């Protein structure tokens, strides 16, 4: 059995992959393979899809899918491949993936979360990756696309559970497509992992589970500030540079330390349509009869909570920007340190 965990993005995938990677040796001891060396199979997914990310192609992707398949073939037991970009794959990519795992039964696992939490998270992740459209623009575009039935691109490419289920069911059979629902806010923090473990057939073992999420969400003020900074950057910044300097250094390390204006939510103007689309998805999944670990009712969108960038004033953004800038003024950098012979001159006041 080979299990493909194909998403969805922002449904706890990073945390689940982190647990699997940290316990790779433990899984091996129990006869279960989590192949490769990285925490997730991003490069392998790029290889399978013969694609890049944000205009950047990865040299390491050349032959990466074939290598992970070879590792699985050499293993006598179940295996798990996990990356959320697989979920939005076109039918031809689905066929390619299944055919490459020749002779193995393939099971597909889809982790999914209610739209009330997913939509804000998807927009925020887009900003972290370089998108500059406002939250209102994102919501308007996303729901207009749903109304037109255009769900092969944009946010719905990785979030339309109905289309995702159909594509993968065509390749492996509906009985082999399992949906794992993310528990509601306030539930036991380990519940998603337990559901995921059940769906993937991971062994019952003493797993090391980190308590701090790797891909922590930003606050509303911080996300809007990041969006405005990104909008001022050159359009041709290479993805590796952007990922290192903007996504990791600025967003995750600098802006992720606190939330000045609360967390992002679905604005009141979009709460009704969010609930309606969620109801369509839940009803469609139930009618299709896919196996579910958890409860499809977890995907119903409850009352809207959180704040919106539209309610954030420029004054609040300025204060947060100054809070961010002030520590940098005194930050030590090797190039700023005076050479011994320049010490006196460095300490002299300007004339």
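Residue numbers (my numbering): 4 to 354. We put the beta carbon where it would ideally sit given N, CA and C, even for glycine. From a predicted model like this one, the values you see are computed outputs, not experimental measurements.
Residue i classed as buried or exposed, judged by whether at least 16 other C-beta atoms fall within 10 angstroms
i: residue 158; result: buried
i: residue 117; result: buried
i: residue 316; result: exposed
i: residue 176; result: exposed
i: residue 87; result: buried
i: residue 342; result: In this prediction, residue 342 scores a pLDDT of 44, lower than 50, which makes its location untrustworthy; the coordinate-derived value is nonetheless stated afterwards. The residue in question, residue 342, is exposed, as its Cβ has fewer than 16 Cβ neighbours within 10 Å.
i: residue 290; result: exposed
i: residue 208; result: exposed
Coarse secondary structure for residue i, derived from DSSP in three states
i: residue 14; result: coil
i: residue 36; result: strand
i: residue 7; result: strand
i: residue 347; result: Note that residue 347 scores 36 on pLDDT, short of 50, meaning its location in the model is unreliable; the coordinates nonetheless yield the value given after this. Looking at residue 347 - three-state DSSP - the assignment turns out to be helix.
i: residue 112; result: strand
i: residue 315; result: coil
i: residue 353; result: Here the model assigns residue 353 a pLDDT of 46, short of 50, so the residue's position is not dependable, and the following value carries that caveat. Of the three classes helix, strand and coil, the one that applies to residue 353 here is coil, per DSSP.
i: residue 42; result: coil
i: residue 238; result: coil
i: residue 19; result: helix
i: residue 210; result: coil
Residue of the options minimising C-alpha distance to residue i
i: residue 11; options: 122, 50, 64 and 32; result: 122
i: residue 198; options: 208, 155, 170 and 182; result: 182
i: residue 100; options: 52, 330, 4 and 321; result: 52
i: residue 247; options: 180, 133, 323 and 80; result: 133
i: residue 265; options: 308, 44 and 274; result: 308
i: residue 212; options: 20, 13 and 258; result: 20
Beta-carbon separation (whole angstroms), residue i vs residue j, contact threshold 8 Å
i: residue 83; j: residue 37; result: 5 Å
i: residue 139; j: residue 318; result: Not really, about 20 Å apart at Cβ, beyond 8 Å.
DSSP beta-bridge partners of residue i
i: residue 85; result: 8
i: residue 181; result: 112
i: residue 56; result: 59
i: residue 288; result: DSSP lists no partner for residue 288.
i: residue 267; result: 310
i: residue 296; result: 183
Heavy atom of the ligand HEM within 7 Å of residue i beta-carbon
i: residue 329; result: Looking at this structure, you won't find the ligand HEM or any other ligand, since it has none at all.
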